[in-house]
Amino acid sequence: MQASQDHKTGREDTIRWLQSSRQDEQPGLELLPAAPALCTTKNSFLLRLESSGDTGTGKDGAERAAARSTPCKDPDGTAHSAIIITTPSDSSSNDGSSPVSIYDVLSRKRKYAIIYISAVAAILAPLSTTMYLPALRPIQADLHTTIELVVSSVAIYMFVIGAGALLWGPLSDWLGRRTAFLAATLLFLATSVPCIFAPSIYLLIVFRALQGLAVAAYGSVGSGLAADIFAPCERGTALGISSVPPLVGPVIGPLLGGVLSDHFGWRSTFIFTTCMAGVVILPLLLFFLPETTQYRALRRLRATDPQTAAVIKEADSIEASPPRFRAPWYPVLLILDRQLILHVALGLVAFGSYYCSVTELPINLGSPAYGLSPSKVGLCYLPIGVAGMLACPLGGKVSDICGRVNPSQPLRKVLPSNAMLLFVFPPCLLLYGWSLHFHMHIAVPLIGIFLVTLATCLYLPGIFSYMTAVKQQTAGAAAAGLYALLFLASGMLMLVAASVIEAVGIGPFSTILAGLNVIVASVACVQIKRGIAAGPVEQQQQQQPATAGGGSLCRSIKC
1 MQASQDHKTG REDTIRWLQS SRQDEQPGLE LLPAAPALCT TKNSFLLRLE
51 SSGDTGTGKD GAERAAARST PCKDPDGTAH SAIIITTPSD SSSNDGSSPV
101 SIYDVLSRKR KYAIIYISAV AAILAPLSTT MYLPALRPIQ ADLHTTIELV
151 VSSVAIYMFV IGAGALLWGP LSDWLGRRTA FLAATLLFLA TSVPCIFAPS
201 IYLLIVFRAL QGLAVAAYGS VGSGLAADIF APCERGTALG ISSVPPLVGP
251 VIGPLLGGVL SDHFGWRSTF IFTTCMAGVV ILPLLLFFLP ETTQYRALRR
301 LRATDPQTAA VIKEADSIEA SPPRFRAPWY PVLLILDRQL ILHVALGLVA
351 FGSYYCSVTE LPINLGSPAY GLSPSKVGLC YLPIGVAGML ACPLGGKVSD
401 ICGRVNPSQP LRKVLPSNAM LLFVFPPCLL LYGWSLHFHM HIAVPLIGIF
451 LVTLATCLYL PGIFSYMTAV KQQTAGAAAA GLYALLFLAS GMLMLVAASV
501 IEAVGIGPFS TILAGLNVIV ASVACVQIKR GIAAGPVEQQ QQQQPATAGG
551 GSLCRSIKC
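Under UniProt numbering, read the sequence shown as residues 1 to 559, first letter to last.
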């Protein structure tokens, strides 16, 4: 932004980039203490900047060489020359002299505020899932049904979440992230009331399935939202934040659900989630969440700040892909791209293994071998929550750091997380499974599940960041495809786990899962090594058709 003053018209531009910067972060500039940072009069600058000499080299040097002297006055009337620098800004104002990225239109603080709003909304999905679990027996007794039908309500709910993500992703690319979030929240509120007053298990199953359809939006749309406003080099950190709720929710949910069910009955769990959606989430979305899809953001910028819109670097590529509704199977076809499919498969195996482990924990700790009460079992979920809160942001930062080594090679984003699933995750899975199999001291399986969660949470931000970098203009749909498959695979593994564990035990079952992880992670590691060795040119050639139209299957089918 070039901050200047037109002495003929009295126009002033606020130098916002200096307001939020420290002097030591702006080499070559000196902010004199006698001058305030903002202009408050029409005919004088109240900011004095002086060059400290070297203008630097390259692009930065060219910007500093564009400095010019402008007459200005201190409050006491003393005249000076101010050096006004042409430099990038967090402001959305631009005089058209330098290119601006679409990712820099919003300030860093504003972008992270949007991510936190998305994360608060996203916690509703796992919370409404896990709060329901401690109340299965009371629901059976109150509705005079069988435990199989009650458990089927959980399985159907999980599958609908997975299938619903296939709808919400393309819908958010077409109508916008904000519209999708609001529609999902309103649908959740509308279906929660019948759940509260459901007189039979069949009515409960139907409206629980519709609830699953509603909450499916939060995960898939949230990843697309992060891809809208964060550049690939910093996207992993944002996705690390948005990955916390799905992994922390299963910890908070059982604790809240158990307490509410014991004191107020099972219907109180639905009252709680309804209040959270209506009182907390809906106002946040309605008043504080802007539309972030790049196509609509660019159109809004053209209406409000045409000077900045005219120099957006990505404008051509954004306008080349106007939003349209894709078929519900389009998100799955997107992630069948050869650049993604191995890493998606690894994510499915790892995430499914994680959810199987979490589901088996209360069953084993409540058995006669350990004999823990439901409240103590709930406390045993706390290490899982701690691991999730620590690992998700860390995994995102590590992904960003590796991606910045060579931005033209997005495969570097999944390099550390892939190594984690190859060398750390399988031994932790074995430790967890066999410690429960042989009824070791309770500290051993808790350490095991802590490490399993840690490895899973370190992986997820990297794969989402890599995938949205490859599929930038269809990031919402691609994220929805992965989100859907994660839940579908977890649901299938959980159904299989019950039969296999009953037949062979949790130790051998954990060995099977660890072996699957080693096989898939090894193949993915080979692809990463070959991709990095091939160099950025070949990766860009592979990425261009993928971004334009999805994977090879997607290009052969009209979506």
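Cβ coordinates follow ideal geometry from the N, Cα and C atoms, glycine included.
Per-residue DSSP class, three states only, for residue i
i           : result
I196        : helix
V279        : helix
V100        : strand
V148        : Here residue 148 turns out to be Glu, not Val, going by the sequence shown. It is helical.
T55         : Low confidence applies to T55: its pLDDT is 41, below 50, so where it sits in the model is not reliable enough to give any reading.
Y112        : helix
residue 611 : The requested residue 611 is not part of the displayed model; the chain covers only 1 to 559.
L486        : helix
I123        : coil
C525        : helix
S153        : helix
S367        : coil
A231        : coil
L106        : coil
S89         : Below a pLDDT of 50, predicted positions are generally treated as unreliable, and S89, at 40, falls in that range; the measurement from the model is reported next regardless. It is coil, neither helix nor strand.
L225        : helix
Y218        : helix
C-alpha distance - residue i paired with residue j, whole-angstrom precision
i    : j    : result
R412 : P461 : 13 Å
L255 : G388 : 17 Å
C457 : A391 : 5 Å
P416 : G403 : 11 Å
V160 : S490 : 12 Å
F270 : I312 : 46 Å
G10  : A309 : For G10, the predicted model reports a pLDDT of 34, less than 50, meaning its position is unreliable and no value from the coordinates is stated.
G507 : L430 : 7 Å
S317 : F464 : 21 Å
A503 : I449 : 22 Å
G212 : V150 : 15 Å
P108 : N364 : Looking at the sequence shown, residue 108 is not Pro but Arg. The alpha-carbon atoms of R108 and N364 are separated by roughly 45 Å.
P88  : S118 : The pLDDT assigned to P88 is 40, lower than 50, so where the model puts this residue is not dependable, and the model offers no usable value.
V193 : V206 : 13 Å
I447 : C275 : 35 Å
A455 : L182 : 33 Å
R267 : E148 : 19 Å
A480 : S242 : 14 Å
Buried or exposed (CB count within 10 angstroms, at least 16 for buried), residue i
i           : result
T130        : buried
Y459        : buried
F423        : exposed
S101        : exposed
R208        : buried
K471        : buried
A477        : buried
S522        : exposed
R530        : exposed
L204        : buried
P170        : buried
L495        : exposed
residue 562 : Shown here, the chain extends from 1 to 559; a query on residue 562 therefore has no answer.
May I ask you to verify whether the region 368 to 377 touches the region 498 to 515, counting CB pairs closer than 8 Å and requiring at least 3?
The region 368 to 377 is not in contact with the region 498 to 515.
Contained beta strand (DSSP E) runs [length at least 3] in the region 300 to 362, N- to C-terminal order:
Segments of the beta strand (DSSP E) lying fully in the region 300 to 362: there are none.
Are three or more beta carbon pairs between the region 220 to 234 and the region 164 to 180 nearer than 8 Å?
Taking a cut-off of 8 Å on C-beta distances, the region 220 to 234 touches the region 164 to 180, as three or more cross pairs fall below it.
At 4 residues or longer, what runs of the alpha helix (DSSP H) sit wholly inside the region 393 to 479?
As far as the region 393 to 479 is concerned, its whole alpha helix (DSSP H) runs of at least 4 residues are 415 to 423, 425 to 437 and 443 to 470.
Should the region 356 to 371 be called in touch with the region 424 to 437, which here means at least 3 C-beta pairs below 8 Å?
Touching, yes.
Does the pairing of the region 326 to 338 with the region 115 to 134 give three or more beta-carbon distances under 8 Å?
With the cut-off at 8 Å, the region 326 to 338 and the region 115 to 134 do not touch.
Evaluate contact between the region 131 to 143 and the region 183 to 191, counting only Cβ atoms and requiring at least three cross-stretch pairs below 8 Å.
The region 131 to 143 vs the region 183 to 191: no contact.
Would you be able to state if there are at least three C-beta pairs under 8 Å between the region 214 to 222 and the region 339 to 346?
Counting Cβ pairs under 8 Å, fewer than three are found: no touch.
Would you call the region 320 to 327 and the region 106 to 123 in contact, with 3 or more CB pairs under 8 Å?
The region 320 to 327 and the region 106 to 123 do not touch, with fewer than 3 CB-CB distances between them shorter than 8 Å.
Count the CB pairs spanning the region 285 to 297 and the region 136 to 156 that are closer than 8 Å, and state whether there are at least three.
No: fewer than three Cβ pairs fall under 8 Å.
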